[in-house]
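Enquirer: Residue numbers (my numbering): 273 to 994.
Glycine included, every Cβ here is placed at the ideal spot set by N, Cα and C.
Everything numeric in this text was worked out from a predicted model, so none of it was measured.
Shown below is the structure under consideration.
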């Protein structure tokens, strides 16, 4: 059939525009190369210990800082625990003592020629001593590593992992080869295993996310060329963001953890692909109306720049609200992720249009859109039944939104059952690791808190009162005055009239029971003197939980306010933003309620990180609102000539396919977080993936349009009704 005439069919792409597009692509390729190297270097800047995340005024942090006056360095305990079935043999303790003597001189795999002795907190004259258990079946050896010396190395966690791995090799050689079961555990062992778990972030996580997105794009576009352009958009956006994040983190302005680096990769890939889907979909629509690809691209870019900008602004501002958080893991994630969204936004609105401009219609090959297919919008609306969905909503709007609301409320009723008071470090790994096995063996034969005591900073004249209270406290053993670090028999050190009292916990230091014990100790000691402060590894867990609760109460309202103001500015309405906000919050509560059921009764997780609810709220509110933004901006455009009710239904039918695809992409990319075997990331992956699908398929498709149709023209108040 002959192609029909169009008034813009002779409009050519200006030569200067073509040159600008080529230059833009070359610039992004250059940024990709530089930024890719920076992303690889981010792992060296990671901080994954709980102590590094706490605010300076946290009680455990104050105690940790005060310890610098009582000892030459900050000790990070690494515990070697070994056992033999049937009991220790006579020479087992001798083997362990020989290991303790030889370990300091063992060379590390670091390139600076260092030995284990260079990383010990104890002076050379204080020997390392292996201690047998009372049941005679196990022994332990505590190595107080020098956290200050480790932090001087490039990549603190990397240096710690290397040292821990070197010690594991020595333990396996001298104890394991002798038939003993031996592990490296303690706080240093856990951090080392965390570093290993996050080791897949650079390549594996990003690779899985890109493969998943590629498969979805091949199905959506039915083209081998266009998905590559979209994936390059995501990769270049991530590279640009990674470069800036690396520079800011290297300057010490933000804290980057393994989880924030992983979320950065996932977030940028998902967001960039979502923005690309919206732009490409509108471009394809315009290609069916215009013979000139230049005209079609300009119209598509102008039509989508507003919703994409509003979407990016919502997420960026919501993420930046995390900077108000006390926990540095949360406050650090805010700017890291916000920079990621900025990179995705810039790449989607500059690099991708340049690729579309140069690719013209043939970038869609073999499904090349032609101008004579004037009814393609109707075909798009009918694909996957979105016209039928719109018609069903239009016939029974009130019945639809009431039914959906009841369903969401039922799901939300399970939210209070979500367990997020924290989990033991031994439970945060989804696979068996050395430190977890070691902690289990330690708890079986020793007081589970051995090697990581509770540290109490007390006025000297109240020290005996502290010892008396600790002696009567359930779950506490071996209270003593002064630090064990130092020459044998040395008197306890007094600094500014204060001393250190320490005690061992009966429960594992990272268990909820131990945290409850520390909370009880603090309450009892406060009655003696409020100046008595309780620190140590378990106290850090307690302070993390307290800070997380405070952070949610502060950050959540700020995010709601920010999102509401962006929606008002975008939609030029008060009613529509209120409707979208209420629907979004209800969707969040329902997603968390379903997550509680899945985590508690299906997957059997022992609990969740205290920051889980805050992270879920940030991502589901800031990201989930995107799909309603995409819908309602199109509804506002259509309402100008169709009226409010018909405009909403028209928007639902023509955007249903692309918005659903965007939701599937974002859910799939967050699902890729499950390749990192940590319970927090697995829970976050499910919460965001399920919540996004709930927003996409239920809230945006049924609840929001049904409410808009039922309310009618007043949805756009105070703008003039249509």
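Whole angstroms is fine: what's the gap from residue 939's alpha carbon to residue 477's?
Expert: The count along the chain shown starts at 1 and reaches residue 939 at position 667. The count along the chain shown starts at 1 and reaches residue 477 at position 205. For residue 939 and residue 477, the distance between alpha carbons rounds to 14 Å.
Enquirer: Taking all protein chains shown into account, decide if residue 276 is buried (16 or more other Cβ within 10 angstroms of its Cβ) or exposed.
Expert: Here the question's residue 276 lines up with position 4 in the chain shown. With a pLDDT of 46 at residue 276, under the threshold of 50, the modelled position of this residue cannot be trusted, and the question is left open.
Enquirer: Using a 10 Å radius around the Cβ and a threshold of 16 neighbouring Cβ atoms, would you call residue 295 buried or exposed?
Expert: Residue mapping note: residue 295 aligns to position 23 of the chain shown, counting from 1. Under this definition residue 295 is an exposed residue.
Enquirer: Taking only the alpha-carbon atoms, compute the straight-line gap between residue 693 and residue 777 and give it to the nearest angstrom.
Expert: Your numbering for residue 693 matches position 421 in the chain shown. Your numbering for residue 777 matches position 505 in the chain shown. Distance between the alpha carbons of residue 693 and residue 777 is about 19 Å.
Enquirer: Beta-carbon separation of residue 388 and residue 439 under 8 Å?
Expert: Locating residue 388 in the chain shown gives position 116, counting from the first residue. Locating residue 439 in the chain shown gives position 167, counting from the first residue. It is a contact, given that the beta carbons lie within the stated cut-off.
Enquirer: Please classify residue 697 as buried or exposed, where buried requires at least 16 neighbouring CB atoms within 10 angstroms.
Expert: Numbered from 1 along the chain shown, position 425 holds the residue referred to as residue 697. Buried.
Enquirer: Straight-line CA distance for residue 373 to residue 417?
Expert: By 1-based counting over the chain shown, the position of residue 373 is 101. By 1-based counting over the chain shown, the position of residue 417 is 145. CA-CA distance, residue 373 to residue 417, rounds to 15 Å.
Enquirer: Between which two residues does the beta strand (DSSP E) carrying residue 808 extend?
Expert: Taking the first residue of the chain shown as position 1, residue 808 is located at position 536. Premise fails: residue 808 is in no beta strand (DSSP E) and is neither H nor E.
Enquirer: Let me make sure I understand the geometry here. Which of 979, 328, 358, 986 has the alpha-carbon closest to that of residue 677?
Expert: Taking the first residue of the chain shown as position 1, residue 677 is located at position 405. If we check each option's Cα against that of residue 677, 979 comes out closest.
Enquirer: Name, in chain order, the residues that DSSP records as bridge partners for residue 455.
Expert: The residue given as residue 455 occupies position 183 in the chain shown. DSSP links residue 455 through a beta bridge to 353.
Enquirer: Would the segment 981-989 and the segment 663-680 be scored as touching if the rule is three or more Cβ pairs under 8 Å?
Expert: yes
Enquirer: So, do the segment 708-720 and the segment 791-802 have three or more beta carbon pairs nearer to each other than 8 Å?
Expert: no
Enquirer: Taking residue 844 as the reference, which of 499, 991, 350 has the closest Cα?
Expert: Counting from 1 along the chain shown, the entry for residue 844 is found at position 572. The residue with the shortest Cα to Cα distance from residue 844 is 991.
Enquirer: Starting from residue 701, follow its DSSP beta bridges and name the residues at the other end.
Expert: On the chain shown, position 429 is the one that residue 701 refers to. Bridge partners of residue 701: 950.
Enquirer: Identify every run of the beta strand (DSSP E) within the segment 833-872, keeping only runs that are complete inside it and at least 3 residues long; order them along the chain.
Expert: If we require 3 residues or more, the segment 833-872 turns out to have no beta strand (DSSP E) run fully inside it.
Enquirer: Have a look at 831, 905, 305 and flag the residue whose alpha-carbon is nearest the alpha-carbon of residue 887.
Expert: Taking the first residue of the chain shown as position 1, residue 887 is located at position 615. Nearest of 831, 905, 305 to residue 887, Cα basis: 831.
Enquirer: Decide if the segment 502-519 is in contact with the segment 608-616; the criterion is three or more beta carbon pairs, one per stretch, under 8 Å apart.
Expert: yes
Enquirer: What is the rounded straight-line gap between the Cα of residue 985 and the Cα of residue 905?
Expert: The residue labelled residue 985 in the question sits at position 713 within the chain shown. The residue labelled residue 905 in the question sits at position 633 within the chain shown. In a straight line, the C-alpha of residue 985 is about 15 Å away from that of residue 905.
Enquirer: Please return the same chain residues whose Cβ sits closer than 8 Å to the Cβ of residue 847, not counting the five positions on each side in sequence.
Expert: Position 575 of the chain shown, counted from the first residue, corresponds to residue 847. The answer, listed in chain order, is 983, 986, 987, 988, 989.
Enquirer: Considering Cα atoms alone, identify which of 854, 946, 836 is closest to residue 538.
Expert: Counting from 1 along the chain shown, the entry for residue 538 is found at position 266. Among 854, 946, 836, the Cα nearest to that of residue 538 belongs to 946.
Enquirer: For the segment 832-839 against the segment 847-867, are there 3 or more C-beta pairs whose distance is under 8 Å?
Expert: A contact exists between the segment 832-839 and the segment 847-867.
Enquirer: Less than 7 Å between C-beta atoms, sequence neighbours within five positions excluded: which residues of the same chain meet that for residue 391?
Expert: For this step, residue 391 is matched to residue 119 along the chain shown. Same-chain partners within the cutoff: 417, 418, 421, 422, 435.
Enquirer: Any idea what DSSP makes of residue 386, helix, strand or coil?
Expert: For the purposes of this step, residue 386 is taken as residue 114 along the chain shown, with counting starting at 1. Coil.
Enquirer: According to DSSP, what are the bridge partners of residue 731?
Expert: Along the chain shown, one-based indexing puts residue 731 at 459. Beta-bridge pairing links residue 731 to 770.
Enquirer: Buried or exposed for residue 907, going by 16 or more other Cβ atoms inside 10 Å?
Expert: To locate residue 907, count along the chain shown from 1; it is residue 635. Buried.
Enquirer: Can you tell me the Cα-Cα spacing of residue 735 and residue 726, whole angstroms?
Expert: As a working mapping, residue 735 is identified with position 463 in the chain shown. As a working mapping, residue 726 is identified with position 454 in the chain shown. For residue 735 and residue 726, the distance between alpha carbons rounds to 14 Å.
Enquirer: Measuring CB atoms only, is the segment 579-595 touching the segment 555-565, in the sense that at least three cross pairs come out at less than 8 Å?
Expert: no
Enquirer: Just the C-alpha distance for residue 809 and residue 338, rounded to the nearest angstrom, thanks.
Expert: As a first step, residue 809 is located in the chain shown; it is residue number 537 there, counting from the start. As a first step, residue 338 is located in the chain shown; it is residue number 66 there, counting from the start. Going from the Cα of residue 809 to the Cα of residue 338 covers about 15 Å.
Enquirer: Residue 521: which of 571, 607, 572, 959 sits nearest, CA to CA?
Expert: The sequence position of residue 521 within the chain shown is 249, counting from 1. Of the candidates 571, 607, 572, 959, the one whose C-alpha sits nearest the C-alpha of residue 521 is 607.
Enquirer: Are three or more beta carbon pairs between the segment 457-473 and the segment 530-544 nearer than 8 Å?
Expert: Contact annotation: the segment 457-473 touches the segment 530-544, with at least three C-beta pairs closer than 8 Å.
Enquirer: Tell me, which residues are paired with residue 410 by DSSP?
Expert: As a first step, residue 410 is located in the chain shown; it is residue number 138 there, counting from the start. Residue 410 pairs with 355.
Enquirer: Pick out whichever of 360, 445, 393, 446 has its Cα sitting closest to the Cα of residue 407.
Expert: The residue you call residue 407 lines up with position 135 of the chain shown. With distances taken between Cα atoms, residue 407 lies closest to 360.
Enquirer: Over what stretch of residues does the alpha helix (DSSP H) that includes residue 791 continue unbroken?
Expert: In the chain shown, counting from the first residue as 1, residue 791 sits at position 519. Where residue 791 is concerned, the enclosing alpha helix (DSSP H) stretches over 784-800.
Enquirer: If you run the structure through DSSP and keep just helix, strand and coil, what is residue 975?
Expert: For the purposes of this step, residue 975 is taken as the residue at position 703 of the chain shown. Looking at residue 975 - three-state DSSP - the assignment turns out to be helix.
Enquirer: Exposed or buried, which one is residue 933 when buried takes at least 16 other CB atoms within 10 Å?
Expert: Against the chain shown, residue 933 aligns to sequence position 661. Classification for residue 933: buried.
Enquirer: Going along the chain, which unbroken runs of the alpha helix (DSSP H) with 4 or more residues stay wholly within the segment 510-585?
Expert: 530-559
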